[in-house]
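Enquirer: Numbering (the numbering used here), first residue to last: 2 to 295.
1) Going by the CB atoms, is the gap between residue 182 and residue 314 shorter than 8 Å?
2) Give the DSSP-derived three-state secondary structure of residue 220 in the structure shown.
3) Whole angstroms is fine: what's the gap from residue 148's alpha carbon to residue 262's?
4) How is residue 44 classed by DSSP in three states: helix, strand or coil?
5) Three or more beta-carbon pairs under 8 Å between the segment 183 to 198 and the segment 41 to 60, yes or no?
6) Looking at C-alpha atoms only, which residue of 246, 92, 256 is the closest neighbour of residue 119?
7) Can you tell me whether DSSP reads residue 72 as helix, strand or coil?
8) Taking only the alpha-carbon atoms, compute the straight-line gap between residue 203 and residue 172 and give it to the nearest angstrom.
9) Roughly how many angstroms separate the alpha carbons of residue 259 and residue 19, rounded to a whole number?
10) Could you name the residues that DSSP lists as bridge partners for residue 147?
11) Once the 5 residues before and after residue 209 are set aside, which same chain residues still bring their CB inside 6 Å of it?
12) I need the DSSP call for residue 192, collapsed to helix, strand or coil.
13) Just how far apart, CA to CA, sit residue 287 and residue 28?
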């Protein structure tokens with residue numbers, strides 16, 4: 002029995018935490034590079050908010066939330082419908098960001114402002130659905146937004162790995178382009194970098210990686226924001242080293258957070274997203290203060 006629990010439940014959950022943590026951290030590092038903005042991350046650009054709206058829509062319109070037989074808990078009765086809806090909404094948000102930015106020459110500030118506006122819009126739309134939801138539907142919506150690896154299976158782990166792995170190697174192969182863009186668009190263009198193309202493809206691919214992870218595990222904030230900042234201060238801004246470090250650091254951070262979340266309130270399980278927010282926000286503030294003093 003213990004062997005079945007380890008291989009069938011615990012091991013895929015632990016590996017999912019590592020894959021998701023690494024993927025979110027690398028996506029955050031790439032977004033910060035192509036936008037030249039330290040606040041660039043899937044959460045701050047509204048992609049996570051879009052996923053939450055997609056899940057809420059699935060629960061509200063497609064009936065994915067239902068009371069269990071014991072009538073004391075709520076479950077997602079059709080998780081794949083909810084996952085697909087969250088994934089589609091995330092891709093919709095990233096597509097709108099890219100489409101609007103192309104009208105302005107793929108400028109980074111346009112992407113950031115569009116992402117912030119979309120985040121507010123999807124948040125308002127989610128609140129609108131929650132206002133008209135029943136108690137069961139509302140509970141199902143809230144349950145999904147709690148990012149947690151407990152819902153991961155071997156099949157979902159395989160799909161996440163199939164997206165995160167190739168995505169990382171693509172980003173790593175473009176490290177020189179990201180380094181050139183750090184010096185400014187004009188400098189990068191002078192070095193032969195097709196800035197608009199690199200920015201749009203990077204945004205789309207990092208959004209795709211994020212959308213897959215969020216769709217399967219829910220919203221997990223601050224990993225994509227804090228980890229790249231942390232390693233940028235330790236090893237510098239060279240993306241040849243920053244991206245692999247973010248991959249490993251994000252994987253270890255989310256694995257440690259997931260383990261701690263299971264032990265703090267044992268036998269009850271604390272959603273890992275709660276712990277990453279508690280750890281990530283103070284850490285990010287510390288990095289900001291330390292940077293100002295330096």
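C-beta atoms are modelled at their ideal positions from N, C-alpha and C, and glycine is treated no differently.
Everything numeric in this text was worked out from a predicted model, so none of it was measured.
Expert: Based on what the coordinates show:
1) There is no way to answer for residue 314, as the model of the chain reaches only from 2 to 295.
2) strand
3) If I take the Cα positions, the gap works out to 12 Å.
4) coil
5) Because the criterion of three Cβ pairs below 8 Å is not met, the segment 183 to 198 and the segment 41 to 60 do not touch.
6) 92
7) A caution first: residue 72 carries a pLDDT of 47, below 50, which makes its placement in the model unreliable, though a value can still be read off. Looking at residue 72 - three-state DSSP - the assignment turns out to be coil, as it is neither helix nor strand.
8) 8 Å
9) 10 Å
10) 220, per the DSSP bridge assignment.
11) none
12) coil
13) 22 Å
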